[in-house]
Every structure is written in structure tokens, then in C-alpha cells.
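When you line the sequence shown up against our numbering, it's residues 104 to 390, in that order.
Where a beta carbon is used, it is the ideal one built from N, C-alpha and C, also for glycine.
All values reported here derive from a predicted model rather than from experimental measurement.
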Amino acid sequence: MERLSEFREYDLLATARQPEPVFEGASGGYQPLDITVARDVRRVFEDFTPDVVVNCAAMTHVDACEEDKETCWKANVDGVELLARHCLIHGAHLIQVSTDFVFDGKNGPYRETDRPKPLSFYGKSKLAAENAARGAGLDAWSIARTVLVYGDGRPGTRSDFVRWVVRELSANKPIRVVTDQFRTPTYVPDLANGIERLIRFGKVGTYHVSGRELLSVYDMALRIASAFDLDKDLIHPILTSDLPRPAERPLKSGFLILKAESELGYRPTPLDDSLKALRAVLSTSPA
């Protein structure tokens, strides 16, 4: 969301559950908002009357979603239904951010037309959220699916896979990383750019907005270590079966992004270029 604030042609209202702003610089200011609370959603729509709503809010911890299905569904589905209802009333374009976890990972990388088949409750909730946006009767709706998002390293932004690898290796801590899960990692500025293009062109439908390069999570960790001049020998390869977790993960997911490239002019940053940019702003011991 902070990256979207850099597109100055838009008047952006930032929202999150925290009482204090999660970042400064949104031209329309900041309002605390829990998208599962009907009166709060109604108030924000009536006060701000948005033309476009970009929903990044979600419970994204995959194992926590598996263990607390009720909270997951409330955050990931009920909240989207509320947003869609008010978008319909106010004629707003709803852009729902989604995930590669709506697929089972047996036949990736995936096109937008491939049939979803989620393995985890998180994936099921995100697919239900897509259906809530798609089936709300809106004139304008978009699904922006993305994969393994990693940030731009600015202070205050949430941790991600890149920052975790850098933090652990910088402390000379060994890490175990799976070799049999494949993704098309997505750089935060690229995701923001893709979403901005959905807004600018008023696109309706589902779009895959991710990186172009398909690689294993293990290989990504090696590339991170190389970019930051850290010890690759601390990265130990394992299989997904060596790391039992409550929620099942798709093995080979990732996206084909031809639709976003051809219809939006979307051009993702090459992985190594993004890691070089991240090194310029991240210390070797990120928070």
C-alpha cells in the first residue's frame, strides 16, 4: 500500500487495523479500519467515497489459518463480502489481492484460466474471497493474484523471505530451505505497479501479477546469499516432507504473466536486479 502512495495522480486513503498510521505519506490520510466490522466499513465508504478499493487485508499465515479456520474465514472472506457490498452501493472498482495458493501446485506455473484447486484452508479462503468479489454484481472488479512477495526493505515494512534469509545468514545461523517448492517471486514495487495499471486501465477480470522467473525456494535463498555476499554453506536443502506443518503447500505453483504483460504493459524486475536494489537499502542485520 505504501508503494501505491507514490502514484501522486491518485488521492489515496490508507487503512489498517492499527490505531496509528502504518506509514506516512498517503495523500488522503489514514483511518483505522477492520474490514470485518460493518459499521466501520460503512463509515469509511461514506466519508471517503472511493472510486477504487484495493484490498490487501488478509490473514496470510498459512498454518495459523489451518488451525483457526473461523478467524481466517472472517478475515479473508467475510471482510471481502462487506467490501464488495459497499463497492456495489458506491459504484467503486474492487481490486482483490489473491495468491498462488488457490492452486494445488501439480501443474504450475499457472495461467489465469487454469482451474483453482486449493490444498490448504488459507487457499480455500482466498478462493472464496475471489468468488465474493467476482460474484457481487460489480461493474468493475479485478483479482490480482501474486506469489511469494518480498519487499523493498524500507523501515517499518513487514518482514519477508529475503529479509529472513539475510537476517539469519548475517548472524551466522544455519537455515533449512525446501528444494521442491517452486515459485515466481514477486517484488513489492512490481506488484504495486501492476495494481496501479489495473486502476489506470479500469481492467475487469483476473490477472497474474508476479515475477517471471520460476525457481525453487532453495535456489532463491542461494541467490539472496550471493547478492548479499553471505555464506551459502549455511543454507541446507530439505524436502517439504522434512518440514511437517499443519497446512499443505503447493509444490510447483508460480504464474505465467503473459496476460498482464500484454494487456497492462506489466514488466517485472529481474530477481537479481531487485536483490541488488534491496541490498542498497537493507543493512546486513535487518529488523
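Considering Cα atoms alone, identify which of 153, 167 and 354 is closest to residue 192. Closest option to residue 192, Cα to Cα, is 153.
Give the single residue among 255, 204 and 292 whose Cα lies nearest to the Cα of residue 384. 255
So the beta strand (DSSP E) residue 247 belongs to, where does it begin and stop? 244 to 249 is the extent of the beta strand (DSSP E) around residue 247.
Where residue 149 falls, given that 16 or more other Cβ within 10 Å makes a residue buried: exposed
Assuming residue 341 contacts residue 281 (C-beta within less than 8 Å), just tell me the rounded distance between them. 6 Å
Return helix, strand or coil for residue 192, following the three-state DSSP convention. helix
Between 329, 356 and 321, which has its C-alpha nearest residue 315's C-alpha? Among 329, 356 and 321, the Cα nearest to that of residue 315 is on 356.
Count the CB pairs spanning the region 297 to 312 and the region 244 to 253 that are closer than 8 Å, and state whether there are at least three. yes
Counting along the chain, where does the beta strand (DSSP E) carrying residue 158 start and finish? 155 to 158
Counting C-beta neighbours from all protein chains within 10 Å, is the total for residue 262 16 or more, i.e. buried, or is it exposed? Classification of residue 262: exposed, given that the 10 Å Cβ count is below 16.
How many angstroms separate the CA atom of residue 201 from the CA atom of residue 233? 7 Å
Going by other Cβ atoms of all chains shown within 10 Å of its Cβ, with 16 needed for buried, is residue 345 buried or exposed? Exposed, since its Cβ has fewer than 16 Cβ neighbours within 10 Å.
CB residue 375 to CB residue 330, shorter than 8 Å? yes
Assuming residue 207 and residue 222 are in contact, meaning their beta carbons sit under 8 Å apart, how far apart are those beta carbons, in whole angstroms? 5 Å
Extract the residue ranges of the beta strand (DSSP E) inside the region 285 to 331, only unbroken runs of 3 or more that lie entirely within it. 308 to 311
Does the Cβ-Cβ distance between residue 147 and residue 174 come in under 8 Å? no
Give the single residue among 241, 211 and 325 whose Cα lies nearest to the Cα of residue 184. Cα-wise, what sits closest to residue 184 is 241.
Which residues in the same chain have their Cβ closer than 7 Å to the Cβ of residue 349, if we skip the five residues on either side of it in sequence? If the five residues before and after residue 349 are omitted, its C-beta is found closer than 7 Å to the C-beta atoms of 166, 169 and 170, all from its own chain and listed in chain order.
Here's the rule: buried if 16 or more other CB atoms are within 10 angstroms of the residue's CB, otherwise exposed. What is residue 377? buried
Residue 220 to residue 163 span [Cα, whole Å]: 18 Å
Starting from the Cα of residue 151, find the closest Cα among 195, 218 and 199 and give me that residue. 195
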